[in-house]
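Going by the working numbering, the sequence shown opens with residue 3, and the numbers climb by one from there. Even glycine gets a Cβ: it sits at the ideal position worked out from N, Cα and C.
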Amino acid sequence: MIEPSKVEEAFKRVEKENYDFRVYLKRHADINELDEQFHQLNKELFSGYDCSKCRNCCKEYSASFEEDELETVAVFLEMTKEDFLGRYIKESIPGEYQLNVRPCCFLKENGECLIEACKPASCRDYPFTDRPERLFSLLNIVASSEVCPVVFEMLERLKQIYGFRRR
Ligand code: SF4
Ligand code: SF4
Numbered sequence: 003m004i005e006p007s008k009v010e011e012a013f014k015r016v017e018k019e020n021y022d023f024r025v026y027l028k029r030h031a032d033i034n035e036l037d038e039q040f041h042q043l044n045k046e047l048f049s050g051y052d053c054s055k056c057r058n059c060c061k062e063y064s065a066s067f068e069e070d071e072l073e074t075v076a077v078f079l080e081m082t083k084e085d086f087l088g089r090y091i092k093e094s095i096p097g098e099y100q101l102n103v104r105p106c107c108f109l110k111e112n113g114e115c116l117i118e119a120c121k122p123a124s125c126r127d128y129p130f131t132d133r134p135e136r137l138f139s140l141l142n143i144v145a146s147s148e149v150c151p152v153v154f155e156m157l158e159r160l161k162q163i164y165g166f167r168r169r
C-alpha cells in the first residue's frame, strides 16, 4: 500500500488513467459485479489497515453531519446543540451541516478522533466504497484516489482485474 504522504503525488502520475478507467468501467462493468468487487477489496484492504497513521481524509475534507447527529455529538462534548452549531458548524445549504474548519478540529495529534465514539456517518463510511451502486459514484471514487491510499490501491487492483491497459 502506498504511503499516505505519497498518494497525492502518485495520483498525479495516474490521474488521466484513473479517469479513463472510470469511463471504461461505465461502459463495460456490470453494476452488481462491480459492487461485489468493491466489497471484497474494501474488506481485504481495510482489514488491519491503521487509519490513525493516515487521516488524509480528516485533513482534506470537512466532516458533514445529519441533523440527528448534531445533538449526539454536542452531548458527547458536553455542550448544548446551539453552542455546538455556533462554534463548529456552517450550514451553507439549509439542512446540510458541515464542519466550519479544515483540517478537522477533532483530529488529535496522535491521529485519533476526539469524537470517535459518535463521529458522523460521513466519517464512518468514508470512502463510501462499500455502498451499493458504485458504478454511479465513480467520479467521487476517482477523486478519493488522490486522498486515500486504500482507494488508490483499490483502483490499481481493479485495473488488474479488468485487464485495463495502461497507456
Ligand atoms: S470527526 Fe473524526 S473522523 Fe471525522 S474528520 Fe474529524 S477527526 Fe476525522
Ligand atoms: S479512510 Fe483512507 S484517507 Fe481516511 S484515514 Fe483511512 S486510509 Fe486514510
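| Query | Result |
| --- | --- |
| Backbone CA spacing between P73 and V144 [nearest angstrom] | Reading off the sequence, residue 73 comes out as Glu, not Pro. Approximately 33 Å between the Cα atoms of the pair. |
| Those residues, in chain order, that have a beta-carbon closer than 7 Å to some heavy atom of ligand 2 | P6, Y51, C53, C56, R57, N58, C59, C60, Y128, P129, V149, C150, P151, V152 and V153 |
| Any non-hydrogen atom of ligand 1 within 7 Å of C120 CB | no |
| Cut-off 8 Å between Cβ atoms - residues of its own chain near K28, not counting five sequence neighbours on either side | L137 and L140 |
| Under 8 Å between C-beta atoms of L47 and V152 | yes |
| Three-state class that DSSP yields for L101 in the structure shown | strand |
| Supposed contact pair I117 and F108 - C-beta distance, whole angstroms, cut 8 Å | 5 Å |
| contact_flag[the stretch 96-105, the stretch 59-71] where n(CB pairs < 8 Å) is 3 or more | yes |
| Burial state of M3, where buried means 16 or more other Cβ atoms lie within 10 Å | exposed |
| For K92, the three-state DSSP class (helix, strand or coil) | strand |
| Boundaries of the alpha helix (DSSP H) in which M156 is found, first to last residue | P151 to I163 |
| 8 Å Cβ cutoff met for S64 and G113 | no |
| E108: CB within 7 Å of a non-hydrogen atom of ligand 1 | Note on identity: in this sequence residue 108 is Phe, with Glu being the wrong assignment. Yes, Cβ of F108 sits closer than 7 Å to a heavy atom of ligand 1. |
| Inter-residue Cα distance where the pair is L157 and F166 | 11 Å |
| Separation of Y21 from R133, as counted between CA atoms | 20 Å |
| Contact set for E10: own chain, Cβ-Cβ below 7 Å, skip 5 residues either direction | E148 |
| Identity of the residues DSSP links to C115 by a beta bridge | L109 |
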